[in-house]
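2 protein chains.
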Amino acid sequence: MPSRTVLPAGVSSTSFARALGELREVVGAAYVLADRDELAPYEKIMIPAAEDDYEPSGAILPASVEHVQGVLAVCSKYKVPLWPISTGRNFGYGSAAPATRGQLILDLKRMDRILEVDPVLCTALVEPGVTYQQLQDHLKEHNSALWLDFPGDGPLVGPVGNTLERGTGSTPYADHLAHACGMEVVLADGRVLRTGMGSLPGSASWQVFKYGYGPYLDGLFTQSNFGIVTKLGLWLMPAPAAYRTLLVRYWDDQGLAAAVETARPLRLSGTIPNPCRLSNATLMLTEVMRRAELFQGSGPVPNDAIFAAARQHGIAPWNLTFSLYGTLEQIGPSLDIVTRAFESSGGEIVSDYHDGSQSNELNLSSFGLLNWVGGGGLAWLAPVSPARGGDAIRQRDIARTVLAMHGMDYLAVPTVCGRDLHHLTALVFDYGDLQARQRAKDCLRDLAAAFTDNGYGLHRAGIGLMDQVARSYGAIRRDVNRALKRALDPNGILAPGKSGIHR
Amino acid sequence: MPSRTVLPAGVSSTSFARALGELREVVGAAYVLADRDELAPYEKIMIPAAEDDYEPSGAILPASVEHVQGVLAVCSKYKVPLWPISTGRNFGYGSAAPATRGQLILDLKRMDRILEVDPVLCTALVEPGVTYQQLQDHLKEHNSALWLDFPGDGPLVGPVGNTLERGTGSTPYADHLAHACGMEVVLADGRVLRTGMGSLPGSASWQVFKYGYGPYLDGLFTQSNFGIVTKLGLWLMPAPAAYRTLLVRYWDDQGLAAAVETARPLRLSGTIPNPCRLSNATLMLTEVMRRAELFQGSGPVPNDAIFAAARQHGIAPWNLTFSLYGTLEQIGPSLDIVTRAFESSGGEIVSDYHDGSQSNELNLSSFGLLNWVGGGGLAWLAPVSPARGGDAIRQRDIARTVLAMHGMDYLAVPTVCGRDLHHLTALVFDYGDLQARQRAKDCLRDLAAAFTDNGYGLHRAGIGLMDQVARSYGAIRRDVNRALKRALDPNGILAPGKSGIHR
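Laid out in structure tokens, this is it:
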């Protein structure tokens, strides 16, 4: 073994070498990676943190459920913790890296079968390695009239990983967990659980009805470390006859409040069926220019400079987008309603806007912002509030204040999902600049604390922030998570530290 | 104590007397019921089963979370099992009675506060004793523009019990768990867990965002015995500007298939936003006549007689209803689409039908069928299939065959919920006629078995059927339920046998 081996906590180098030997028997030597060079792709965390703290001990790539069971048996024997990843591209949250140093990455990318697409029932059943691009290609090959809903990092990631992280997209199917139906989960002891209708012999309903009988368990296996999901059912959206994407510009920074107040009732009445995304000026500027072209000083770019540059590109302080779907006849009256509502709220409407993520065009929409400062550092923060104008403004001000304290810009996409608003905020920085990385790390910690201290809890966290966020939800919640962990994974083999859940 | 005391399994009469004494200290003597006469209201099971098998040992009525905690402490000490009920009107599934004899009913009806209704965010927070009638009255008093969605037994039952049983309604908010947001759960050891955003200090988002951080737990506390839900958040539907309920009659018994095939794509495109209910002729006849007026023979009423009588009342073999909601301008184009689709599928459309349950009118729609044979016996069975015409026909034929074997009529409301069809089937019988009750009991067992043997799993079961249905989902699923039970309720105090989950 190479000298710089990172060992799992409490596992001797002899034991670890034996474990690797046995694992090679299970999946084949080519699919057990323990050389530092081979592991490099798993260490590109992008987030502001010390890579050393998250170095894996190795990676193993099973090709089947039987492989996964074999791996679990070996890892249970040697107490080697396993960090399951689907495509390993949890960008802005730590990518493929484990929550604690020395875990063995269980890379499921070879399990990449599209097991079924039902064009009548509009469902699919996929393995963890399937990417959105792959599923999209499959649908196109079969001339399918089904749409995918995908997150901002689109083609590179996959529906299993994104759903388990409770990711969201941009169409009416944006809530990915709500549109998942039926899981196959390999438990720590190797038993294979099918949730919902999936464990009934001969059931044809696994992908059509999610609750099954008795407690509904799917939620348990999201943002957690209670099992390894090896199959996931998906609901796919029948392609609408037509759609129309609108942009509403608010030329006043306070327009954020009016936008939220106008969007919420239209979302709740169903007139707008997808999330209403409000991109701020800086975020949209990242698509057309770099920070250095605008500002060379220290601290964040002043608002005046941002707004002036933005105006030159037709970008307002706040830019709201959403879509209407249906036949042209169905879209017509809804278009009248939203036009009247947003115009009287002070918005300026551009009614033939294009945003592929709200239809069926895979794109990498969330990567443009990496160009702003360059250097590839990115962390996302997602505090939740009620979808009220006042809360959106308060979150904006918290974010600007804390970011400015650390000399960073405010790039945000507050999104009216429904009754809830997710103030999705990006920290971008030069990853290679260690000072910039440290500043971003401090900022991320302080920003998370500022949001939670004000009652705005985070609904997703990167590996560097998991314990802090889990603590914000209190001791009882953490104790319950731990009791469930012990019930389903008594040896604590699966992803220790995930979502702040330790053994 | 009266002589006919029913003791919890394994608890001596001395211990039980001591437990009752301590429980009187907790909630007050008036709220501990142990006399058989006082317990009679809890024993009206309506379903085909022997009441003796489900007799409670007593009932206790706490008025607060602190009371519930006190009760749990006493019951843990004496190992007295507790069967929590909200309003105790789980009609057709066993009403208030426990799944096994001798449990102490924890009747939460005194905890009946409407803690909050937010007219802006369209949410509510209620206690278990709140009924739909009470919530409806509250909304009307406050001139609220919010709609409730309620099950067929409407005003008498409440949102907490119905949601925890995964009940459904008739509007776009029909999936009650999907429209619940945030729980307060008293665990067996007395700790109080708030799910979702509820455990974050100062959170204003408990009722607006359900997933929170880490595993999403709400599903765990439905159809289970893992905790006592003492508060539940609800999403309420903003009243639409208008609505239009349609009836589509299929004058051919095979029209069931066409109806399902036509409804499914319209549901999935969102053109029809609520479940499409298909009432069969017999079910609708119960509203206008009694069985004895039509048929005096033995065995089920022949189809010809049913269809002939139905036709006289304008009732078809299959009668599909659904609604369109929105402004009149929005409803117009959707009405054109559904009219074209159902007409070309062979349906006859009545476009100004009235069905209060699809709007905001509380009613007792599901009780009319009790008049069919009289005598108050009722059991519901709800097998799930994909929403395909062929499956609906197959389920119909299974139901008719098994029911006929036991001399019973086929009363059914196959419902296209979305991708799934729930073939909701009622067994009605004269509860006081012990022979009829036994026949219904055998029929219920055989019908459940026939559905599950054909791959159509049940998604809800009455107390007499819980073990059978749980078994149909296999050993691994049951073992996982049991592991979770032991993690959250190691003494097995809460509702042993619920959903087939024993300690």
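Quick note, the sequences are listed as chains E and P, same order.
This note's numbering puts the first residue of the first sequence at 1211, with every later residue one more than the last.
This note's numbering puts the first residue of the second sequence at 1211, with every later residue one more than the last.
Note that the Cβ used here is the ideal one computed from N, Cα and C, for glycine as well.
None of these values were measured; they are calculated from a predicted model.
Three-state class that DSSP yields for residue i in the structure shown
| i | result |
| --- | --- |
| Leu1668 of chain E | strand |
| His1633 of chain P | strand |
| Ser1274 of chain E | coil |
| Lys1708 of chain E | helix |
| Ser1267 of chain P | coil |
| Ser1561 of chain P | strand |
| Pro1365 of chain E | helix |
| Phe1505 of chain P | coil |
| Ile1324 of chain P | strand |
| Met1211 of chain E | Because the pLDDT at Met1211 of chain E is just 44, under 50, the model does not fix this residue reliably, and the point stays unresolved. |
| Val1594 of chain P | strand |
| Leu1534 of chain E | strand |
| Gly1422 of chain P | coil |
| Asn1691 of chain P | helix |
| Ile1295 of chain E | strand |
| Val1290 of chain E | coil |
| Leu1345 of chain E | helix |
Contact set between residue i and chain P, taken where Cβ atoms lie within less than 8 Å
| i | result |
| --- | --- |
| Arg1629 of chain E | Leu1331, Cys1332, Thr1333, Cys1391, Gln1417, Val1418, Phe1419, Trp1445 |
| Ala1597 of chain E | Leu1331, Val1418 |
| Thr1537 of chain E | Pro1543, Ile1547 |
Span of the beta strand (DSSP E), counted from its first residue to its last, around residue i
| i | result |
| --- | --- |
| Asn1513 of chain E | That residue, Asn1513 of chain E, is in no beta strand (DSSP E); its alpha helix (DSSP H) goes 1513-1522. |
| Ser1489 of chain P | 1486-1490 |
| Arg1655 of chain E | From DSSP, Arg1655 of chain E is part of no beta strand (DSSP E) but of the alpha helix (DSSP H) over 1644-1663. |
Nonlocal neighbours in the same chain, by C-beta distance under 8 Å from residue i, ignoring five residues either side
| i | result |
| --- | --- |
| Ala1515 of chain P | Leu1504, Phe1505 |
| Ala1309 of chain E | Tyr1264, Trp1293, Ile1673, Met1676, Ala1705, Pro1706, Gly1707, Lys1708 |
| Ala1452 of chain P | Tyr1535, Gly1536, Thr1537, Leu1538, Ile1541 |
Cut-off 7 Å between Cβ atoms - residues of its own chain near residue i, not counting five sequence neighbours on either side
| i | result |
| --- | --- |
| Met1211 of chain P | Low confidence applies to Met1211 of chain P: its pLDDT is 44, below 50, so where it sits in the model is not reliable, and the reading given next is rough at best. Ala1227, Ala1244, listed in sequence order. |
| Ser1559 of chain E | This sequence places Ile at residue 1559 of chain E; Ser is not what is there. Excluding sequence neighbours, Ile1559 of chain E sits near Leu1456, Val1458, Thr1549, Phe1552, Glu1553. |
| Leu1230 of chain P | Val1242, Ala1244, Gly1268 |
| Thr1662 of chain P | Leu1668, Ser1682 |
Cβ shell of residue i (< 6 Å), same chain only, five flanking positions each side left out
| i | result |
| --- | --- |
| Ile1711 of chain P | Asn1435, Asn1691, Lys1695 |
| Ser1555 of chain E | Ala1468, Thr1472 |
| Cys1627 of chain P | Pro1485 |
| Ala1209 of chain P | Any property of residue 1209 of chain P remains undetermined from this structure, which presents chain P solely from 1211 to 1713. |
| Arg1649 of chain E | His1616 |
Contacts of residue i in chain P (Cβ-Cβ under 7 Å)
| i | result |
| --- | --- |
| Gln1540 of chain E | Pro1543, Ser1544 |
| Arg1696 of chain E | Ala1697 |
| Val1594 of chain E | Met1407, Ser1415, Phe1419 |
| Arg1401 of chain E | Ile1686 |
| Asn1691 of chain E | Gly1424, Pro1425 |
Contacts of residue i in chain E (Cβ-Cβ under 8 Å)
| i | result |
| --- | --- |
| Ser1409 of chain P | Tyr1683, Gly1684, Ile1686, Arg1687 |
| Leu1665 of chain P | Here the sequence assigns Gly to residue 1665 of chain P, which means Leu is not the residue at that position. Those within 8 Å of Gly1665 of chain P in chain E are Leu1410, Pro1411, Gly1412, Ser1413, Ala1414, Ser1415. |
Neighbour list for residue i in chain E, Cβ cutoff strictly below 7 Å
| i | result |
| --- | --- |
| Thr1378 of chain P | By Cβ distance, chain E contributes nothing, its closest Cβ being about 10 Å from Thr1378 of chain P, past 7 Å. |
| Ile1711 of chain P | Gly1424 |
Partner residues on chain P for residue i, Cβ-Cβ distance less than 9 Å
| i | result |
| --- | --- |
| Leu1466 of chain E | Those within 9 Å of Leu1466 of chain E in chain P number zero; the least Cβ separation is about 17 Å. |
| Ser1286 of chain E | Going along chain P, no residue has its Cβ under 9 Å from Ser1286 of chain E, so there is no contact; the nearest lies around 16 Å. |
| Phe1436 of chain E | Pro1425 |
For residue i, the first and last residue of its enclosing alpha helix (DSSP H)
| i | result |
| --- | --- |
| Ile1438 of chain P | First-last for Ile1438 of chain P: 1438-1445, but that is the beta strand (DSSP E), not the alpha helix (DSSP H). |
| Ile1257 of chain P | First-last for Ile1257 of chain P: undefined, no H or E at that position. |
| Phe1226 of chain P | 1223-1237 |
Chain E residues whose Cβ lies nearer than 9 Å to that of residue i
| i | result |
| --- | --- |
| Val1679 of chain P | Tyr1423, Gly1424 |
Contact between the segment 1286-1297 of chain E and the segment 1365-1379 of chain E (3+ Cβ pairs under 8 Å): yes
Per the contact definition of three or more C-beta pairs closer than 8 Å, is the segment 1440-1458 of chain P in contact with the segment 1392-1410 of chain P? yes
Would you say the segment 1330-1339 of chain P touches the segment 1608-1628 of chain P, given that touching needs at least three Cβ pairs under 8 Å? no
Would the segment 1460-1477 of chain P and the segment 1599-1615 of chain P be scored as touching if the rule is three or more Cβ pairs under 8 Å? yes
Whether or not the segment 1638-1652 of chain E and the segment 1476-1484 of chain E are in contact is what I'm after, with contact meaning three or more pairs of Cβ atoms, one per stretch, closer than 8 Å; do they touch? no
Under 8 Å: do the segment 1543-1558 of chain E and the segment 1337-1348 of chain E share three or more Cβ pairs, one atom per stretch? no
Three CB pairs or more closer than 8 Å across the segment 1418-1433 of chain E and the segment 1455-1464 of chain E: no
Can you find at least 3 beta carbon pairs, one from the segment 1260-1276 of chain P and one from the segment 1227-1243 of chain P, that sit closer than 8 Å? yes
Touch test, the segment 1524-1532 of chain P against the segment 1321-1330 of chain P, Cβ-Cβ under 8 Å, three pairs minimum: no
Determine contact between the segment 1571-1583 of chain P and the segment 1352-1362 of chain P, defined as no fewer than three beta-carbon pairs at a distance below 8 Å. yes
Are three or more beta carbon pairs between the segment 1300-1307 of chain E and the segment 1214-1222 of chain P nearer than 8 Å? no
Tell me, please, whether the segment 1590-1597 of chain P touches the segment 1490-1501 of chain P by the rule of three or more beta-carbon pairs shorter than 8 Å. no
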